[in-house]
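Asker:
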Amino acid sequence: MPIPLRVARFNRRVTNPLLGTISDWLPPFATLHHVGRTSGRRYRTPVFAFSSPRGVVIALTYGPDVQWLRNVEAGGEARLVRRGRVLALNHPRRLHGQVGARLVPGVIRAGLRLMRVDDFVELATDPHP
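Each residue of the sequence shown is one higher than the one before, starting from 17 at the first, in the working numbering.
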């Protein structure tokens, strides 16, 4: 089972602001920049991001019903700051089970399996995935 939503709320208010100070520079953390689909507000969300054939894959540790994913899907694009470099991302594609898990490094994959995380999103870095 993914991380409970009450933990997500705590992380959004406490952990994410702290993590946001280092997520741009400390792998495998990265900062996902996205725009609210109804508010137009800009958001920064720390995530675990890994290189994939199309660009980047992110494990959905809180499950597939997270606001940042809805925002990225609605807008079709986002920016990711990883190791101090900015990547323009687009064409989000949800992945489930082994299709997504195989894109994540083995050590991380084992931890995700223990947490029962089974959903991922892959984002392209080029305009024609």
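Note that CB positions come from ideal geometry on N, CA and C, so glycine has one too.
Can Arg-53 and Asn-106 be called in contact, C-beta distance under 8 Å?
Answerer: The answer is no: Cβ separation not under 8 Å.
Asker: Inspect the beta-carbon positions of Asp-40 and Val-133 and report whether they are closer than 8 Å.
Answerer: Against a cut-off of 8 Å, the Cβ pair of Val-133 and Asp-40 comes out as no contact.
Asker: Tell me Val-137's beta-bridge partners as DSSP assigns them.
Answerer: In DSSP, Val-137 forms a bridge with Ile-74 and Arg-110.
Asker: On a CA-only basis, which of Val-115, Gly-127, Thr-77 and Gly-113 is nearest Thr-61? Give me that one, please.
Answerer: When only C-alpha atoms are compared, the closest one is Thr-77.
Asker: Would DSSP call Leu-85 helix, strand or coil?
Answerer: Helix, per DSSP.
Asker: Leaving out the 5 sequence neighbours to the left and right, which residues in its chain are closer than 8 Å to Ile-124 when beta-carbon positions are compared?
Answerer: Closer than 8 Å at the Cβ level, and outside the excluded window around Ile-124, lie Pro-44, Phe-64, Phe-66 and Ala-75.
Asker: I think Arg-109 touches Val-137, with their Cβ atoms under 8 Å apart; what is that distance to the nearest whole Å?
Answerer: Indeed they touch by this definition, with Cβ atoms about 7 Å apart.
Asker: How many angstroms separate the CA atom of His-144 from the CA atom of His-112?
Answerer: Note that His-144 scores a pLDDT of 48, beneath 50, so its modelled location is shaky; the value from the coordinates is reported in the next line. Cα to Cα, His-144 sits roughly 22 Å from His-112.
Asker: Under the rule that 16 or more other beta-carbon atoms within 10 Å means buried, what is Thr-37, buried or exposed?
Answerer: Result: exposed.
Asker: Here's the rule: buried if 16 or more other CB atoms are within 10 angstroms of the residue's CB, otherwise exposed. What is Val-82?
Answerer: Buried.
Asker: Check each candidate in Arg-99, Arg-29, Leu-119 and Asp-142 and name the one with the smallest Cα separation from Leu-42.
Answerer: Minimum Cα distance to Leu-42 is reached at Arg-99.
Asker: On the premise that Val-51 lies in contact with Gln-91, defined as a C-beta separation below 8 Å, what is that separation, rounded to the nearest angstrom?
Answerer: The question names Gln, yet the displayed sequence has Gly at residue 91. Between Val-51 and Gly-91 the Cβ distance is about 6 Å, and since that is below 8 Å, they are a contact.
Asker: Please work out which residues of its chain come closer than 7 Å, Cβ to Cβ, to Arg-25, disregarding the five sequence neighbours upstream and downstream, and give them in chain order.
Answerer: Closer than 7 Å at Cβ, skipping near neighbours: no residue.
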